[in-house]
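Visitor: Below is a structure I'd like to ask you about.
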Amino acid sequence: MPQQLLHACQRAHRDRTDFPTIWHTILRPNPLVIGLPGHEVVDGEAHLVIGLSTGQKLVSRRSGFSLSW
Numbered sequence: 206m207p208q209q210l211l212h213a214c215q216r217a218h219r220d221r222t223d224f225p226t227i228w229h230t231i232l233r234p235n236p237l238v239i240g241l242p243g244h245e246v247v248d249g250e251a252h253l254v255i256g257l258s259t260g261q262k263l264v265s266r267r268s269g270f271s272l273s274w
């Protein structure tokens, strides 16, 4: 479920795990994750965007992770 993946990423972020480690240990092996992360700039802040098979996006920003459509 996307919520479980989100919570795992949020926990890792709170533990100060860097994105490359989160990508290789949590995201890349997860069957919900589609392809490679992309980038978006929102209000001058860079975000990493990971597509999910549900159609949702997992967004990584400096403040943490979130889900969006």
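For any residue, its number in this note's numbering is found by taking its place in the sequence shown, counting from 1, and adding 205.
Even glycine gets a Cβ: it sits at the ideal position worked out from N, Cα and C.
1) Give me the Cβ distance between L241 and L210, rounded to the nearest whole Å; I'm assuming they're in contact under 8 angstroms.
2) Considering L237, what are the terminal residues of the alpha helix (DSSP H) in which it resides?
3) Based on DSSP bridge pairs, tell me the residues matched to H252.
4) For G243, I'd like the list of residues in its chain whose CB is within less than 6 angstroms of its CB, leaving aside the five on either flank, ordered along the chain.
5) Buried or exposed, going by whether 16 or more other CB atoms sit within 10 Å of the CB of A251?
6) On a CA-only basis, which of G269, T230, W274 is nearest R219? Give me that one, please.
7) Should S265 be labelled buried (16 or more other beta-carbon atoms within 10 Å of its own) or exposed?
Guide: Judging by the given coordinates:
1) The residue given as residue 241 occupies position 36 in the sequence shown. The residue given as residue 210 occupies position 5 in the sequence shown. Wrong, their Cβ atoms sit about 16 angstroms apart, outside the cutoff.
2) Counting from one through the sequence shown, the residue named residue 237 turns up at place 32. Counting along the chain, L237 falls outside any alpha helix (DSSP H), and DSSP gives it neither H nor E.
3) Here residue 252 refers to the residue found at position 47 when the sequence shown is read from its first residue. Partner(s): E245.
4) Numbered from 1 along the sequence shown, position 38 holds the residue referred to as residue 243. The residues are V254.
5) Mapped onto the sequence shown, residue 251 falls at position 46. Burial call: exposed.
6) By 1-based counting over the sequence shown, the position of residue 219 is 14. Comparing Cα-Cα distances from R219 to each of G269, T230, W274, the minimum goes to G269.
7) In the sequence shown, residue 265 corresponds to position 60, counting from 1. Answer is buried; the Cβ neighbour count reaches 16.
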